[in-house]
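Student: I am attaching a structure below and will ask some questions about it afterwards.
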Amino acid sequence: MILPGADLFDPRIDMDSYLSPVESRLDYDFSFAFNDSNFSDRVLKIEIVAGLHDVKSAGDGCSSITEWARNRKRRREDVKKDKAVEIVGQSEDEQALTCNIPDTEDTVAYENQDVEAVAMVEGSPTDAQLDFHQRGDAAGPSSDSSWSIDCSTVLRVKSVHISSAILAAKSLFFHELFLNGIKESVQRDVTIQIHASEEEALMDLLNFMYSNNLSASRATALLDVLLAADKFKVASCMRYCSKLLRNIPMTCESALLYLDLPSSILMAEAAQPLTDAAKKFLSVRYRDIYKFQEEVLRLPLAGVEAVLSSDYLQAASEDTIYDLVLKWAHTHYPKLEERKEVLAKQLAQLIRFPYMTCRKLKKVLNCSDLHPEFASKVVLEALFFKAETPHRQHALAVDVPNAVNRRFVERAYKYRPVKVVDFELPHQQCLVYLDLKREECAQLFPTGRVYSQAFHLGGQGFFLSAHCNMDQQGTYRCFGLFLGMQEKGSASFAVDYEFAARSKPTEGYVNKYKGNYTFTGGKAVGYRNLFSVHWEAFMEDDSNYFINGILHLRAELTIRQ
1 MILPGADLFD PRIDMDSYLS PVESRLDYDF SFAFNDSNFS DRVLKIEIVA GLHDVKSAGD
61 GCSSITEWAR NRKRRREDVK KDKAVEIVGQ SEDEQALTCN IPDTEDTVAY ENQDVEAVAM
121 VEGSPTDAQL DFHQRGDAAG PSSDSSWSID CSTVLRVKSV HISSAILAAK SLFFHELFLN
181 GIKESVQRDV TIQIHASEEE ALMDLLNFMY SNNLSASRAT ALLDVLLAAD KFKVASCMRY
241 CSKLLRNIPM TCESALLYLD LPSSILMAEA AQPLTDAAKK FLSVRYRDIY KFQEEVLRLP
301 LAGVEAVLSS DYLQAASEDT IYDLVLKWAH THYPKLEERK EVLAKQLAQL IRFPYMTCRK
361 LKKVLNCSDL HPEFASKVVL EALFFKAETP HRQHALAVDV PNAVNRRFVE RAYKYRPVKV
421 VDFELPHQQC LVYLDLKREE CAQLFPTGRV YSQAFHLGGQ GFFLSAHCNM DQQGTYRCFG
481 LFLGMQEKGS ASFAVDYEFA ARSKPTEGYV NKYKGNYTFT GGKAVGYRNL FSVHWEAFME
541 DDSNYFINGI LHLRAELTIR Q
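Be aware that the sequence shown starts at 1, since it is given in full-length UniProt numbering, and climbs by one per residue.
Here's what the structure looks like:
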């Protein structure tokens, strides 16, 4: 018998509706039948054994996620390798538990990594052992004799009346145990063995399978239940715990703990929405990546990956993100070969090389922290991307295979990327192309400004800046464009410059302003009203200067002889 609408183990369900539509309509509650012999066909005997030093659960007595994680880490360090109970049988007359005694004094900690629950059913010991070897991983962990638990100290045995139909419908573990068609599946008494640290979470889990509700409400207790649900393969409870945990205000500590869950559980997909929420929290928390640079440098690998995956990092440019990644790698991976591996396989995949400047890409080619083949590949890909038309660049950014690591998607840089074409003859000259979205221009009102990334001519660094400012007479606001030289030394630098913009109906570049200026460090020159119109006319829906929502600007610079 399978309950109608019950969750049958598929964790790939939208977290916002952890129950199926049928379940939601039924809203069934069988809590009245829990541990009631009148509505039960089996007895679940729970042997509670002493864990490491008879510790409590990770969440028991913990006042914070940090303390929970510390306790869990301490138990993990105490265990050299995970062990699990083998399926063993016992006769009703002997009532003796058969198990393999480990060679060491190590016992199993409350840790789900690579550990599945294994039951012991009453019947012939020989038959039960044969059944385990035949079923292999379907019933529990490997049948290798090394999978064992020190069962010499059973603290107590708790008997619970259960309905095999309800448990089988909610738990893949019990489904396999009760409905496999072999002799043990019809035995009335089923024995499972857990550590004392798991007792509270298991009882809450059993109650959930009847009622779809949990008594746990604190984050630490919910994490205990989530781990128990993973052990007994109750995907719906994992999703429910995940949903409740997402409703609890997140901290950096809890977010990092949630990111670590996939490495500690078997049914990682069921907790994926919680992991995604943790990634989002960290990406928002460290959006201004340089404001929190020291904190970012202390983050573990999973945390840094979450931050770098964001499209909304408020970094000066991708060049600065690249420098920060190298600094983080040197801090956490002092050995060169290990650093190369983590950069090539993980972190460098999140750097958006197509938006780095050509000057920085040259340095990438010679970077000793990157494999030469990898460096050549990403630089070549970046240069080809820069040579593409804006339409083609957009197509690459939304292409599904490329969207995996978002390498062609432009972030919210503080300094806008530019395309630069350099000429050496007959004069030192460069053409600089700056594109601004309509939304970016709208955000400039009433007194905002946006800067381009630096570009170089004659060994000097320059930049463009777009402003919303008052016109020369101070009567109305308008769009202004300026050219500035970075503060490097006090030497003067004479430049001829010309500004142009693409305009309808031809959509070609039309010259708007030209001049010449002798620059010194930190100085800028330009035109306050580039288009000779009010700001409102410039921003109109039918404006001549926005083509498919983009304002295309060009600056031509020539060194005066």
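Even for Gly, the Cβ is constructed at its ideal location relative to N, Cα and C.
1) Between the region 204 to 217 and the region 235 to 255, are three or more C-beta pairs nearer than 8 Å?
2) Among residues of its own chain, excluding the 5 on either side of residue 44, which ones have a beta-carbon nearer than 6 Å to its beta-carbon?
3) Determine, using beta-carbon pairs with one atom in the region 500 to 515 and one in the region 452 to 463, whether at least three such pairs fall under 8 Å.
4) Exposed or buried, residue 153, counting other C-beta atoms within 10 Å across all chains shown (16 or more means buried)?
5) I need the DSSP call for residue 487, collapsed to helix, strand or coil.
6) Output yes or no for whether 8 Å exceeds the beta carbon distance between residue 481 and residue 526.
7) Report the partner residues of residue 465 according to the DSSP bridge assignment.
8) Assign residue 236 to one of three DSSP states: helix, strand, or coil.
9) By alpha-carbon positions, which one of 546, 319, 307 and 315 ends up nearest to residue 346?
10) Between residue 484 and residue 499, which are expected to be in contact by the criterion C-beta below 8 Å, what is the C-beta distance as a whole number of angstroms?
11) For residue 224, which of 196, 250, 361 and 247 has the nearest alpha-carbon?
12) Measure the CB-CB distance between residue 468 and residue 446 and report whether it falls below 8 Å.
13) What number of angstroms, rounded off, separates the C-alpha of residue 417 from the C-alpha of residue 266?
14) Residue 280 to residue 357, Cα distance in whole Å?
15) Kindly provide the ranges of any beta strand (DSSP E) runs that are 3 or more residues long and lie completely inside the region 484 to 530, ordered along the chain.
16) Using the Cα positions of residue 503 and residue 292, report the straight-line distance between them to the nearest angstrom.
17) Okay, do the region 376 to 386 and the region 285 to 301 touch, 3+ Cβ pairs below 8 Å being the bar?
18) What whole-angstrom Cβ distance do residue 46 and residue 158 have, given they're in contact under 8 Å?
19) Is DSSP giving residue 564 helix, strand or coil here?
20) Give the straight-line distance between the Cα atoms of residue 319 and residue 192, rounded to the nearest whole angstrom.
21) Please go through the same chain and pick out, in chain order, the residues whose beta-carbon is closer than 6 Å to the beta-carbon of residue 378, but skip the five residues on each side of it.
22) Taking the straight line between their C-alpha atoms, what separation do you get for residue 337 and residue 252?
23) Shortest alpha-carbon distance to residue 212 belongs to which of 243, 198, 218 and 186?
24) Helix, strand or coil for residue 470, going by three-state DSSP, please let me know.
25) CB-CB under 6 Å to residue 255, same chain, minus the five flanking residues each way: which ones, in chain order?
26) State the Cα-Cα distance for the pair residue 535 and residue 476, rounded to the nearest angstrom.
27) Is it true that the region 533 to 547 meets the region 418 to 431, where meeting means three or more beta-carbon pairs spaced less than 8 Å apart?
28) Report the residue from 517, 424 and 471 whose alpha carbon sits nearest the alpha carbon of residue 493.
29) Quick test of your reading: residue 567 and residue 178, contact by CB under 8 Å. State the CB separation rounded to the nearest angstrom.
30) What is the residue span of the beta strand (DSSP E) that residue 157 lies within?
31) Quick one: using the 10 Å Cβ neighbour count with 16 as the cut-off for buried, is residue 423 buried or exposed?
32) Tell me which residue opens and which closes the alpha helix (DSSP H) that residue 379 is part of.
33) Please identify the residue among 227, 187 and 188 whose C-alpha is closest to the C-alpha of residue 204.
34) Measure the alpha-carbon distance for residue 317 versus residue 413 and round it to whole angstroms.
35) Looking only at C-alpha atoms, which of 301, 289, 156 and 297 sits nearest to residue 314?
36) So, are the CB atoms of residue 465 and residue 524 less than 8 Å apart?
Tutor: According to the data block:
1) yes
2) 160, 162 and 190
3) Touching, no, given that fewer than three Cβ pairs across the two stretches are closer than 8 Å.
4) exposed
5) coil
6) yes
7) 451 and 482.
8) helix
9) 307
10) Rounded, the Cβ-Cβ distance is 13 Å, inconsistent with contact.
11) Of 196, 250, 361 and 247, the smallest CA-CA separation from residue 224 is found for 196.
12) A contact, by the Cβ cut-off of 8 Å.
13) 43 Å
14) 28 Å
15) 493 to 503, 508 to 519 and 524 to 527
16) One C-alpha to the other measures close to 41 Å.
17) no
18) 4 Å
19) Examination of residue 564 is not possible in this model, given that the chain is present from 1 through 561 alone.
20) 56 Å
21) 353
22) 30 Å
23) Selected option, being the one with the closest Cα: 243.
24) strand
25) 278, 281 and 282
26) In a straight line, the C-alpha of residue 535 is about 8 Å away from that of residue 476.
27) no
28) 517
29) Any property of residue 567 remains undetermined from this structure, which presents the chain solely from 1 to 561.
30) Residues 154 to 162.
31) exposed
32) 372 to 387
33) 227
34) 5 Å
35) In terms of Cα proximity to residue 314, the closest of 301, 289, 156 and 297 is 289.
36) yes
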